[in-house]
Amino acid sequence: MLKVVVCVSGGGTNLQAIIDSIAAGKITNTEIIGVISNNYGVKSIERAEKAGIPAFVLSPKDYSERSEFNKAFLDKVKELDPDLVVLAGFLVRIPEEFVKEYSNRIVNIHPSLIPSFCGVGYYGLKVHEKALERGVKITGATVHFVNEGMDEGPIIAQKPVAVEDGDTPEILQRRVMEQAEWVILPKAIDDIANGRIKVSGTKVISAF
Ligand code: GRF
Numbered sequence: 160m161l162k163v164v165v166c167v168s169g170g171g172t173n174l175q176a177i178i179d180s181i182a183a184g185k186i187t188n189t190e191i192i193g194v195i196s197n198n199y200g201v202k203s204i205e206r207a208e209k210a211g212i213p214a215f216v217l218s219p220k221d222y223s224e225r226s227e228f229n230k231a232f233l234d235k236v237k238e239l240d241p242d243l244v245v246l247a248g249f250l251v252r253i254p255e256e257f258v259k260e261y262s263n264r265i266v267n268i269h270p271s272l273i274p275s276f277c278g279v280g281y282y283g284l285k286v287h288e289k290a291l292e293r294g295v296k297i298t299g300a301t302v303h304f305v306n307e308g309m310d311e312g313p314i315i316a317q318k319p320v321a322v323e324d325g326d327t328p329e330i331l332q333r334r335v336m337e338q339a340e341w342v343i344l345p346k347a348i349d350d351i352a353n354g355r356i357k358v359s360g361t362k363v364i365s366a367f
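Counting from 1 along the sequence shown, just add 159 to a position and that's the residue number in the numbering used here.
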């Protein structure tokens, strides 16, 4: 049984997709053992509690030094002791020591086809604003392992999504979530839980 901790910042629709996929048997051999939010009062916490999953808030604002927050965050993850940490819209810079300690055991969902529209400054709606500004006809989402670089770890899965005339960042964001994020993130977790994913150097090799 793969024990998963999901880290969130806001709405938690990706968290919900994972919860629903486990309930529907689309993700097997997997249990969410905890949700960590860096914000108080967000919908993600409600979603976790409704599903009977322990939810914890760890906000950098509650610590005078970033290093103290980093330590508290790492301590909490270690206490929960997951096999996999899923960053599902987690808008906090991940402590380096955490990445080192959980090498190839942290995955992130990013709302573009990496290496487009990723890296520093590309988060949330901004990713879709930039895609529309550039006029791309195809965008999408990527699930990848997290390494020391920003959105640079081995890619597990990607799914393209069409940009349509008249799209606003909000409309495009919703389409990317519905058609890509909520599909590939649960699938990637199921693949990891069932031993279908192997990392070889900078790449993921999927055995299907
Ligand atoms: C998603 O678009 C995800 O790709 C990005 O942040 C958003 C989180 O949405 N990293 P939600 O909290 O899962 O609804």
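Every residue gets a Cβ at the ideal spot worked out from N, C-alpha and C, and that includes glycine.
Neighbourhood of proline 433 by C-beta distance below 7 angstroms, restricted to the same chain and skipping five residues each side: The first residue shown for the chain is 160 and the last is 367, placing residue 433 beyond what the model contains.
8 angstroms Cβ shell around alanine 231 - same chain, five flanking residues per side excluded: Position 72 of the sequence shown, counted from the first residue, corresponds to residue 231. Around alanine 231: Leu217 and Tyr222.
Residue range of the beta strand (DSSP E) that includes phenylalanine 215: Counted from its first residue, the sequence shown places residue 215 at position 56. Note, phenylalanine 215: beta strand (DSSP E), 214-216.
How do the region 169-177 and the region 202-211 stand: do at least 3 beta-carbon pairs fall below 8 angstroms, yes or no? Between the region 169-177 and the region 202-211 there are three or more C-beta pairs closer than 8 angstroms, enough to call the two in contact.
Within-8 angstroms CB hit, phenylalanine 304 to chain C: Any reference to chain C falls outside this structure, which holds one protein chain only.
CB-CB under 7 angstroms to alanine 347, same chain, minus the five flanking residues each way: which ones, in chain order? Locating residue 347 in the sequence shown gives position 188, counting from the first residue. Hits under 7 angstroms: Val266, Val302, Ile315 and Ala316.
Just to check, is the beta-carbon of glutamate 340 closer than 7 angstroms to a non-hydrogen atom of ligand 1? Taking the first residue of the sequence shown as position 1, residue 340 is located at position 181. For ligand 1, at least one heavy atom lies less than 7 angstroms from the Cβ of glutamate 340.
Segment contact, 8 angstroms Cβ cut-off, at least three pairs: the region 282-296 with the region 316-329: Using a Cβ-Cβ distance cut-off of 8 angstroms, the region 282-296 and the region 316-329 are in contact, since at least three pairs of beta carbons, one from each stretch, lie closer than that value.
Does the Cβ of arginine 167 lie closer than 7 angstroms to at least one heavy atom of ligand 1? Residue mapping note: residue 167 aligns to position 8 of the sequence shown, counting from 1. Sequence inspection shows valine at residue 167; the arginine mentioned does not correspond to that position. Result yes, Cβ under 7 angstroms from ligand 1.
Report yes or no: do three or more beta-carbon pairs, one from the region 233-249 and one from the region 176-195, lie closer than 8 angstroms? yes
Can you pull the DSSP bridge partners for glycine 360? Counting from 1 along the sequence shown, the entry for residue 360 is found at position 201. BP columns for glycine 360 are empty, so no partner.
Expressed to the nearest angstrom, what Euclidean distance is found between the alpha-carbon atoms of serine 262 and asparagine 306? For this step, residue 262 is matched to residue 103 along the sequence shown. For this step, residue 306 is matched to residue 147 along the sequence shown. Rounded to whole angstroms, serine 262 to asparagine 306 spans 7 angstroms at the Cα level.
Would you check if the distance between the CB atom of isoleucine 181 and the CB atom of isoleucine 195 is smaller than 8 angstroms? Reading the sequence shown from its first residue, position 22 is the one you call residue 181. Reading the sequence shown from its first residue, position 36 is the one you call residue 195. In this structure, isoleucine 195 does not lie closer than 8 angstroms to isoleucine 181 by Cβ.
Taking the CB atoms as reference points, tell me whether arginine 264 and aspartate 242 lie closer together than 8 angstroms. Taking the sequence shown and counting its residues from 1, one reaches residue 264 at position 105. Taking the sequence shown and counting its residues from 1, one reaches residue 242 at position 83. A contact, by the Cβ cut-off of 8 angstroms.
Identify whether isoleucine 186 lies in helix, strand or coil by the three-state DSSP scheme. As a working note, residue 186 is residue 27 in the sequence shown. DSSP places isoleucine 186 in coil when its eight states are reduced to three.
List the endpoints of the continuous alpha helix (DSSP H) containing alanine 207. Mapped onto the sequence shown, residue 207 falls at position 48. 202-209 is the span of the alpha helix (DSSP H), which, as asked, contains alanine 207.
In the DSSP output, what is serine 196 paired with across the bridge? Here residue 196 is taken as the residue at index 37 of the sequence shown, counted from 1. Looking at the DSSP assignment, serine 196 forms a beta bridge with Val167 and Val216.
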